Structures are given as C-alpha cells and as structure tokens.
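Engineer:
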Amino acid sequence: MTAPARAAASWLSLREGADGRARSTELVREVAAVLPHENPLVVHDLGSGTGSMGRWLAPLLASRSAPRSAQPFARQHWVLHDRDADLLTEAAGRPVVGRGGEPVTVQIRLGDVTWLSADDLSGAGLITASALLDMLTAAELERLAGLCAAADCPALITLSVTGRVELEPADPMDHALRDAFNAHQRRNAGRGLLLGPDAVDAAVEAFRRRGAEVLVRPSPWRLGADDFALTVQWLQGWVGAACAQDPDLIDDAAPYLLRRTASAVDGVLRVTVQHDDLLAVPR
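Count along the sequence shown starting at 1, add 937, and that's the number in the numbering used here.
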C-alpha cells in the first residue's frame, strides 16, 4: 500500500491563518448545540498534523454540560491522530485553550487514520478532521463514515477541496491548469483512485446511508495582498501537480508562474480556492 503524501510543517503553519478564516463558524454553532454532556468532552482529530484544528475549534466550543453556577465551559481532551511523528511532536508542544482560556489536554497517537478501529475512537464526543476527505479513496471514506457512525457522535470535517478555483485577473492558462490539477487529485495513488473534488458528495451519501443528518457549508480560502507567501506557495504546488498530471503544460508553466508571482508582488492577484465543510450528526 502506498501511503498518502506527508504535509510539511512549514506548509501547515503557512496555511493555518487562511484555514481559520475559511472554516464555517455556522457549523460550529450547530455542533455545539448537539455535543454530549460528558465532561471532559473528548475530541478525536483525524490527520491532525500540528494540531491547528484544535487551536481553532477548542476556543469556540461552549459547554452544555455545566450548570450556570459552575465552570461555564466544559473541559476538553483532544486526541490527535496522525502518521507523522514529527508533526505530532510539534502539536504536543503547542498549547490549546478553551473558550474561557482554560487549558485543553492533548494526547497524541501515531498511526494511519485509514487503519483506525472502533476501539481507537472509544469515548469520542466529537470527531474532527481538516483537509482530509479529498485525500481518501472511496473505500477509505466508507470505512471512516462507518467508524463515525459506530462512535455515535457528531463528525465535523472541514476544508475539503471542491475543484473550483478562481483567479483574478484571469489568465488563459487558468482553466487548463485547474482541469489538470483536478485530474491529479483523482489519480490512482496506489491504494485506489483518490476522491479529490468528489469527496464531499461521496461523504454526504456515505453518512446519510448510515442515518446521519448532514449539513454542508462553503469554506473558501480568499487570498489577497496580505497572503503573498501562502499564495505563491499554493500556486507552485497547484501548477506542479497540474504539470505532473499533464506534461504538455510544462513549457507554459514557468512563464505562467512568473506572471502570477508578479501580480502577487504587485498586490493585485486575488485567489479563491473553494472548499466545503461538512457536519454529520447521528439522528
């Protein structure tokens, strides 16, 4: 089996701010309203990387378990699952706080999230993931949906790519690069075909077949002049993947990147990368 590509800590750090701005706070309100009454709330974060999901979400989760006269926010315990030991080590060294500023306890577990068992998620009050679904195969997604259903708790899965990218001002190469990149996202990665931009629709169907109520909300990256470093690195990865899929694009790729980088330097380039967030709640 070929393992999924690893994300560099520098890339995860660079995108953390844009991720936080993009994720749907509406779905956070929805999930907070249905969280279990256990204290502490146990959250399992799948493919956690350096733990950015916890740093974003933990302060937004209000408790429904404490009486008004007691501590107003539930204690939280996050269990971070990832296959990269270095990323987990970094996550363990970065503090996470709840909405009231109270510390959140963090536990790390090394392993491939596509091989988790029901026992691994025992006691979960919430399951989360970010930028994960599009990297799964159909079989892996089905297994993940089954595990979430067996855990009988909400699942909040954010920032799944949809294949829609908009760049302003437009360039004649934009569409060809987008189509090639989307095809690359659906490539055979040695474990089967990746879902790529089809992941959200597949996830909605998989969770609904298991009886969950599913909500989907947009969570686009909107990158402008203040996001120069992220925009340039995203462009390089986007174009690189497109060229890997369609080598006929290679000759025009370098001048394209020069044009786009110049526009970013001038502060005129605007990039919208569309994602969707998904909340699945057992009925």
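Ideal Cβ placement from N, Cα and C applies to all residues, glycine included. Quick caveat, the model's predicted, so the values are computed rather than measured.
Tell me, to the nearest whole angstrom, how far the beta carbon of GLY986 is from that of ALA1066; I am working on the premise that it is less than 8 Å.
Structural biologist: Residue numbering aside, residue 986 sits at position 49 when the sequence shown is read from its first letter. Residue numbering aside, residue 1066 sits at position 129 when the sequence shown is read from its first letter. That pair is no contact at about 10 Å.
Engineer: Mapping the DSSP letters down to three states, classify GLU975 as helix, strand or coil.
Structural biologist: Residue 975 sits at position 38 when you count from the first residue of the sequence shown. If DSSP states are grouped into helix, strand and coil, GLU975 belongs with coil.
Engineer: Alpha carbon to alpha carbon, how far is PHE1010 from GLY1035?
Structural biologist: Your numbering for residue 1010 matches position 73 in the sequence shown. Your numbering for residue 1035 matches position 98 in the sequence shown. In this predicted model, PHE1010 has a pLDDT of only 48, less than 50, meaning its place in the structure is not dependable enough to derive any value.
Engineer: Which residue's Cα is closest to the Cα of VAL1016: LEU994, VAL1043, LEU998, GLU1027?
Structural biologist: In the sequence shown, the residue the question calls residue 1016 occupies position 79. Residue VAL1043 is the option with its Cα nearest to VAL1016.
Engineer: For THR962, count neighbouring C-beta atoms within 10 Å of its own C-beta (all shown protein chains included) and say buried if the count is 16 or more, exposed if not.
Structural biologist: Translated into the one-based positions of the sequence shown, residue 962 becomes position 25. Exposed, because fewer than 16 other Cβ atoms sit within 10 Å of the Cβ of THR962.
Engineer: Less than 8 Å between the C-beta atoms of VAL1033 and GLY991, yes or no?
Structural biologist: Along the sequence shown, one-based indexing puts residue 1033 at 96. Along the sequence shown, one-based indexing puts residue 991 at 54. Yes, Cβ-Cβ distance for VAL1033 and GLY991 is below 8 Å.
Engineer: Assign ASP1203 to one of three DSSP states: helix, strand, or coil.
Structural biologist: On the sequence shown, residue 1203 is found 266 positions in, with the first residue counted as 1. Of the three classes helix, strand and coil, the one that applies to ASP1203 here is coil, per DSSP.
Engineer: Inspect the beta-carbon positions of GLY1129 and ALA1076 and report whether they are closer than 8 Å.
Structural biologist: Residue numbering aside, residue 1129 sits at position 192 when the sequence shown is read from its first letter. Residue numbering aside, residue 1076 sits at position 139 when the sequence shown is read from its first letter. Yes; because the gap between Cβ atoms is below 8 Å, this pair is in contact.
Engineer: Taking just the CA atoms, how far does LEU1132 sit from ALA1087?
Structural biologist: In the sequence shown, the residue the question calls residue 1087 occupies position 150. In the sequence shown, the residue the question calls residue 1132 occupies position 195. As the crow flies, the alpha-carbon of ALA1087 is around 23 Å from that of LEU1132.
Engineer: State yes or no: is the C-beta of SER1097 within less than 8 Å of the C-beta of ALA959?
Structural biologist: For the purposes of this step, residue 1097 is identified with residue 160 of the sequence shown, where counting begins at 1. For the purposes of this step, residue 959 is identified with residue 22 of the sequence shown, where counting begins at 1. No, these two residues do not count as a Cβ contact at 8 Å.
Engineer: Assign THR1026 to one of two classes, buried (16 or more other C-beta atoms within 10 Å of its C-beta) or exposed (fewer than that).
Structural biologist: Within the sequence shown, the letter at position 89 stands for residue 1026. Exposed.
Engineer: From the DSSP secondary-structure annotation, give me the bridge partner or partners of SER1097.
Structural biologist: As a position in the sequence shown, residue 1097 is number 160, starting the count at 1. DSSP, once it has assigned bridges, lists ASP1213 as partnering SER1097.
Engineer: Could you have a look at ALA1086 and say whether DSSP puts it in helix, strand or coil?
Structural biologist: Looking up residue 1086 in the sequence shown gives position 149. Residue state, collapsed to three classes: helix.
Engineer: Tell me ASN1125's beta-bridge partners as DSSP assigns them.
Structural biologist: As a first step, residue 1125 must be located in the sequence shown, where it is residue number 188. Answer is LEU1130.
Engineer: Which one or two residues does DSSP pair with VAL1151 in a beta bridge?
Structural biologist: The residue you call residue 1151 lines up with position 214 of the sequence shown. Note: VAL1151 sits in a beta bridge opposite ALA1217.
Engineer: Alpha carbon to alpha carbon, what distance is there between ASP1164 and GLY1038?
Structural biologist: Your numbering for residue 1038 matches position 101 in the sequence shown. Your numbering for residue 1164 matches position 227 in the sequence shown. Going by the C-alpha atoms only, they are around 28 Å apart.
Engineer: Compare the Cα-Cα distances from VAL1218 to each of LEU1053, ALA955, LEU1152 and report the closest residue.
Structural biologist: Walking along the sequence shown from the start, residue 1218 turns up at place 281. Checking every option, the nearest Cα to that of VAL1218 belongs to LEU1152.
Engineer: Relative to the C-alpha of VAL1210, which candidate in CYS1180, LEU1194, GLY1161 has its C-alpha closest?
Structural biologist: Start at 1 with the first residue of the sequence shown, and residue 1210 comes out as number 273. Among CYS1180, LEU1194, GLY1161, the Cα nearest to that of VAL1210 is on GLY1161.
Engineer: Cα separation between LEU1084 and SER989?
Structural biologist: Taking the sequence shown and counting its residues from 1, the one referred to as residue 1084 is at position 147. Taking the sequence shown and counting its residues from 1, the one referred to as residue 989 is at position 52. Straight-line Cα distance between these residues: approximately 23 Å.
Engineer: Whole angstroms are fine: how far does the CA of PRO973 sit from the CA of ARG1101?
Structural biologist: As a working mapping, residue 1101 is identified with position 164 in the sequence shown. As a working mapping, residue 973 is identified with position 36 in the sequence shown. Rounded to whole angstroms, ARG1101 to PRO973 spans 35 Å at the Cα level.
Engineer: Where does ALA1061 sit, in a helix, a strand or coil, going by DSSP?
Structural biologist: Mapped onto the sequence shown, residue 1061 falls at position 124. The answer is coil: DSSP assigns ALA1061 none of H, G, I, E or B.
Engineer: Measuring CB to CB, does TRP1158 end up less than 8 Å from HIS1212?
Structural biologist: Taking the sequence shown and counting its residues from 1, one reaches residue 1158 at position 221. Taking the sequence shown and counting its residues from 1, one reaches residue 1212 at position 275. Cβ distance < 8 Å, so TRP1158 and HIS1212 count as in contact.
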